[in-house]
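Counted the way my numbering counts, the sequence shown spans residues 15 to 890.
Note that beta-carbon positions come from the ideal geometry of N, C-alpha and C, so glycine has one too.
One structure is given below, encoded as structure tokens.
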Amino acid sequence: MRGWRPALLIAWRDALRHRGRSALVLVMISLPVLAVSAAAVLIQTAEVSGTEGADRTLGAADARVRTEGGGQVVQGVDPSRGEYAQLEVDPDDPLTAADVRAVLGADARLVPIATGWQRARLGDRVVDFSTTGVDLGDPLAEGLFDLERGHLPGAPGEVVVNDAMLAKGFALGDEMQVGGSTLTIVGVGRDATVRKYPVVLGAPADLPDESVDRREWLVAAGPVSWAQVRELNAAGGIVTSRAVLADPPDVASMAEQMGYDTGRNEMAAIVALVIVMALIEVVLLAGPAFAVAARRHARTLALIAASGGTPAQARRVILGSGVVLGLVAAGLGLVAGVVAAWLLVPAVQRFNGEWFGPFELPWLYLLAIAVFGVLSAILAAVVPAWLASRQDVVAVLAGRRGDRRPRASTPVVGVVMLGVGIAASSYGALTSDSGNGALWIAGSAIVSVLGMVLVVPVVVSGVARVSGRLPLTARYAARDAARHRTRTVPAVAAVAATVAGVVALGIANASDERQNEMTYMPNAPMGTGVVSWGPGVLPGEQAPDPDEVWDRIEAAVRSAAPEVGFQPIRGLEESYDPEGWTSTNVEVPGQDQELCCLRTYGPSVAIADSAAELGIEGDTARRVDAALDDGLVVVLNGSVDGRRDAVLSQQTYREGVDEPAASSRQTVPAELVAWDQRAYGAAPASSIIPTATAAQLDLDVVVGSARLTGDLDAATSTRIKEAVEAVDGASLYVERGYQRPDEAVVILLVLGALGGVLMLGGTLTATFLALSDARPDLATLSAVGAAPRTRRRVAASYALVVGFVGAVLGAAVGFIPGVAISRPLTSGYGGFGPDGPFLDVPWLLIAVIVLALPLLTAAVVGMTARSRLPLVARLD
15 MRGWRPALLI
25 AWRDALRHRG
35 RSALVLVMIS
45 LPVLAVSAAA
55 VLIQTAEVSG
65 TEGADRTLGA
75 ADARVRTEGG
85 GQVVQGVDPS
95 RGEYAQLEVD
105 PDDPLTAADV
115 RAVLGADARL
125 VPIATGWQRA
135 RLGDRVVDFS
145 TTGVDLGDPL
155 AEGLFDLERG
165 HLPGAPGEVV
175 VNDAMLAKGF
185 ALGDEMQVGG
195 STLTIVGVGR
205 DATVRKYPVV
215 LGAPADLPDE
225 SVDRREWLVA
235 AGPVSWAQVR
245 ELNAAGGIVT
255 SRAVLADPPD
265 VASMAEQMGY
275 DTGRNEMAAI
285 VALVIVMALI
295 EVVLLAGPAF
305 AVAARRHART
315 LALIAASGGT
325 PAQARRVILG
335 SGVVLGLVAA
345 GLGLVAGVVA
355 AWLLVPAVQR
365 FNGEWFGPFE
375 LPWLYLLAIA
385 VFGVLSAILA
395 AVVPAWLASR
405 QDVVAVLAGR
415 RGDRRPRAST
425 PVVGVVMLGV
435 GIAASSYGAL
445 TSDSGNGALW
455 IAGSAIVSVL
465 GMVLVVPVVV
475 SGVARVSGRL
485 PLTARYAARD
495 AARHRTRTVP
505 AVAAVAATVA
515 GVVALGIANA
525 SDERQNEMTY
535 MPNAPMGTGV
545 VSWGPGVLPG
555 EQAPDPDEVW
565 DRIEAAVRSA
575 APEVGFQPIR
585 GLEESYDPEG
595 WTSTNVEVPG
605 QDQELCCLRT
615 YGPSVAIADS
625 AAELGIEGDT
635 ARRVDAALDD
645 GLVVVLNGSV
655 DGRRDAVLSQ
665 QTYREGVDEP
675 AASSRQTVPA
685 ELVAWDQRAY
695 GAAPASSIIP
705 TATAAQLDLD
715 VVVGSARLTG
725 DLDAATSTRI
735 KEAVEAVDGA
745 SLYVERGYQR
755 PDEAVVILLV
765 LGALGGVLML
775 GGTLTATFLA
785 LSDARPDLAT
795 LSAVGAAPRT
805 RRRVAASYAL
815 VVGFVGAVLG
825 AAVGFIPGVA
835 ISRPLTSGYG
845 GFGPDGPFLD
855 VPWLLIAVIV
865 LALPLLTAAV
875 VGMTARSRLP
885 LVARLD
């Protein structure tokens, strides 16, 4: 029995002999390995590294240089991902091609490239798309676009597009008006980076840069070093270098360059916490199987000890099972995970707007995942192996249980660890604003779970002691669970750890939703619908007549829902018009702070003669009516009441000109009226001008939006929405108060389902292993006259003991990190509503996990357990 070879042979033969138990362990260990390895492969495939993305950004060039003006720039390895910052900006002294050649060499070849955004009309719609202006026939541009149909642009006005552009309604050969030019689609293909968003590529003259200060080039100058990148940074250049992407500088130097912390310590701590928690869960779930295996080997190990074997040799037999099953499970999980990832890549790609990189296996991560699987199996076997090596040899050979009594200090240590966990979580909650509070809270969760595991034996024994008045089957199950703690404790602890995680995350999610609900500000009066319209107008086009459009909208609403009220809200024209548009504001000197934060759902400046026209009610309506009757301009604001002089400011702008073409300022008497956003939500307008005053000031009055009143149930709203949105640029919003987003509901459902699956799996595993281990006792019960259904009741009772005790312990422990994390998660909100922190406990979720699931598990076990067993001797 020297060495590990005999122990591994015994373990291998035992695994083949007891296929059911081995399959349980393989499933418990291989499933996490499968899930994590598949996720690792998908993430690695989806993530396009700098080297993989070089051709997408650079084409065949050695570098890509961009400038937005002179001044110093700091950047990371890949500025195309936003890793740069402009410290100084001098738009009057931008980097030039000569400046680039001064750094990279006089022979450097520069090909201009421009990026931007444009709009084009397609029928009665306006389509937005991104643009890239570059000579696609130049060798340096090879790789930026993969042509599939047609040909590359070869003449002025020719462009190529991606499939997303065709999905908008364009076709090969179509012409479109962009920025006053006619562009013809001559080719269709695949943009190197973008998949879902429409993209148009053509010559820089046809698709100029959207920024007048930005210049960009593809550069052929040989490898561009990090030193040259820094030199161009000093002159205002932002550089993506193929050589730097392939051989990046060290992270510490990048952090110093960018002025941020690497975050390595915090990320390592978070990853370690996740790994430890997952390891604990897997170990606890697999522990009962190894405990039963140790029980089955008890007589063999006793014979080894009686023949002179050492405790270490006895431990190797059980640990060998962990090694064998861990290696097999890790191998199966890895292979299945890689295959699953390969099959899932097309489905996952649909949810990403950019193309994935090539299918890639992160071998280092996969090796670590395999080690995780093997380690979890070995750790699951450690405690059973240790207890098996300490069993009473004489008692086992005599046919009795040889378990030693647990140490009295174990539960004391557990209670101390629970206290430490509570203290650490409290400290993390209190220091969340200034320190690593989240790490303290996460660490406290691990300490609390480990402390709970050490307390479980005492709790199980306590349940057995108070079970004297229970029915026979329940009493038998409770006492059997206490008598065989080596298999019961891991099962109870696994259930408890699962429930603790579900409760903690459930409290955090519910508290976050509570904050969202308490800080929600309605965008309109409750139950009111708001119709908005904004014309899609391109340069050179005539804006549609607003009155005609609103007549169409009103007709559509009345046709879809005749019973719904339609109240137009008049205001000053605010829509964009390339021929010129006017911006109108009502300003109150000295009240900028009060006026800045008022949210509105209608026009900025409304024209009305009564509060009822705008849906204003209550005391606010009386004050608004009084002011309008006196011919005053009403200025709604956050907190100030009283009469003031206001300034009506108007500025007229022309397309392509930053400065206003005309401006005017007129002083008008105004009444400031405080608007309670907490009570009424958003205001209908920021200012209200009487109709007579608007006529005196010669203001252009149009319909700015419309209020819908009446019974706007879901079906009615859907009909109106479909009718309204048939008008280009029109939309409908119905205020129904805070609506919990689908994501939050999905999170709770996933938590409940995950907790249920893990709890059900752990309980069923422990229960059926216990029934297998207790076959001699149950057969004896049958021999002395117990009914066949007794075994079913014993099985159900055992499942209830394991599930209920574990759920109660887990719920209690889950409150520790759950309550603690809710404070940093929901405090410090500076917007609308109370500041928090907020705490909300999902009692329904907890009730389902703690009460319903144990009962469901017991019912499942009771219905599936065998009711009859062949008679066997108790020593078998």
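Residue i and residue j closer than 7 Å at C-beta
i      : j      : result
Gly164 : Val202 : yes
Asp644 : Ala625 : no
Asn537 : Tyr615 : yes
Thr254 : Pro93  : yes
Gly652 : Leu711 : no
Val200 : Glu172 : yes
Ile252 : Arg80  : yes
Ala111 : Val233 : no
Gly334 : Ala21  : yes
Gln86  : Ala257 : no
Gly832 : Ala510 : no
Thr512 : Val808 : no
Ala60  : Phe370 : yes
Gly130 : Asp223 : yes
Gln455 : Ile835 : For the sequence presented, residue 455 should be read as Ile rather than Gln. Yes; because the gap between Cβ atoms is below 7 Å, this pair is in contact.
Any non-hydrogen atom of the ligand ZN closer than 6 Å to residue i Cβ
i      : result
Ala569 : Because no ligand of any kind appears in the structure shown, any question about the ligand ZN cannot be addressed here.
Inter-residue CB distance, residue i and residue j (contact presumed, cutoff 8 Å)
i      : j      : result
Val214 : Val238 : Not really, about 29 Å apart at Cβ, beyond 8 Å.
Tyr837 : Pro851 : In the sequence on display, residue 837 carries Arg and not Tyr. Yes, Arg837 and Pro851 are in contact; Cβ-Cβ is about 5 Å, under 8 Å.
Val819 : Val474 : 7 Å
Ala99  : Pro167 : So it is not a contact: roughly 35 Å between Cβ atoms.
Trp547 : Val563 : 6 Å
Val359 : Leu56  : 7 Å
Ile830 : Gly435 : 6 Å
Met620 : Pro560 : As written in the sequence, residue 620 is Ala, which differs from the Met given in the question. Contact flag wrong, Cβ pair sits at about 15 Å.
Ala641 : Val687 : 7 Å
Ala206 : Gly157 : 6 Å
Residue-chain proximity (residue i, chain B), Cβ-Cβ < 7 Å
i      : result
Gly301 : Among the protein chains of the structure shown there is no chain B, as only one such chain exists.
Residue of the options minimising C-alpha distance to residue i
i      : options                           : result
Ala635 : Ser618, Asp659 and Tyr694         : Tyr694
Ala74  : Val509, Thr324 and Ala235         : Ala235
Val649 : Pro683, Gln664, Glu374 and Gly629 : Pro683
Gln191 : Arg135, Val469, Leu393 and Pro582 : Arg135
Arg754 : Glu527, Thr681 and Trp356         : Glu527
Val535 : Gly604, Ser597, Ala688 and Gly751 : The residue asked about is misnamed: residue 535 is Met in this sequence, not Val. Per the Cα distances, Gly751.
Leu792 : Pro376, Thr533, Ile835 and Tyr490 : Tyr490
Glu304 : Asp121, Arg329 and Ala320         : Per the sequence presented here, residue 304 reads as Phe, with Glu not at that position. With distances taken between Cα atoms, Phe304 lies closest to Arg329.
Arg721 : Ser525, Thr198, Ile630 and Gly137 : Ile630
Phe159 : Leu662, Gly193 and Thr71          : Thr71
Val308 : Ile332, Leu317 and Ile294         : Per the sequence shown, residue 308 should be read as Ala rather than Val. For the residues Ile332, Leu317 and Ile294, the minimum Cα distance to Ala308 belongs to Ile332.
Gly656 : Leu646, Gln664 and Gln665         : Leu646
Arg499 : Gly147, Pro471 and Ile835         : Pro471
Thr878 : Asp854, Ala826, Ala821 and Leu778 : Leu778
Pro46  : Val480, Leu299 and Leu453         : Leu299
contact_flag[the stretch 493-509, the stretch 809-820] where n(CB pairs < 8 Å) is 3 or more
yes
Does the count of Cβ pairs from the stretch 516-523 and the stretch 726-740 closer than 8 Å reach three?
no
3 or more residues per run - each beta strand (DSSP E) lying fully within the stretch 622-666
As far as the stretch 622-666 is concerned, its whole beta strand (DSSP E) runs of at least 3 residues are 647-651.
What alpha helix (DSSP H) runs, 4 residues minimum, are completely inside the stretch 327-353?
none
Within the stretch 480-544, ranges of the alpha helix (DSSP H) (whole runs, at least 4 residues):
Entirely contained in the stretch 480-544, the alpha helix (DSSP H) runs reaching 4 residues are, in chain order, 486-497 and 499-532.
The stretch 393-407 in contact with the stretch 348-362 per 3-pair CB rule at 8 Å:
no
At which residue ranges does the stretch 23-107 contain complete alpha helix (DSSP H) runs of 4 or more residues, listed in the order of the chain?
33-60 and 68-72
Flag this pair as touching only if the stretch 429-445 and the stretch 383-397 have three or more C-beta atom pairs under 8 Å; answer yes or no.
no
Should the stretch 712-728 be regarded as contacting the stretch 674-681, the criterion being three or more beta carbon pairs within less than 8 Å?
no
Are the stretch 574-589 and the stretch 503-510 in contact at 8 Å, needing three or more beta carbon pairs?
no
The stretch 862-869 / the stretch 785-802 touching (three or more Cβ pairs under 8 Å)
no
Complete runs of the alpha helix (DSSP H) confined to the stretch 698-757 [at least 4 residues]:
The qualifying runs are 705-710 and 728-738.
Starting from the N-terminal side, write out each stretch of the alpha helix (DSSP H) that is 4 residues or longer and does not extend beyond the stretch 129-198.
For the stretch 129-198, the full-length alpha helix (DSSP H) segments reaching 4 residues or more read 177-181 along the chain.
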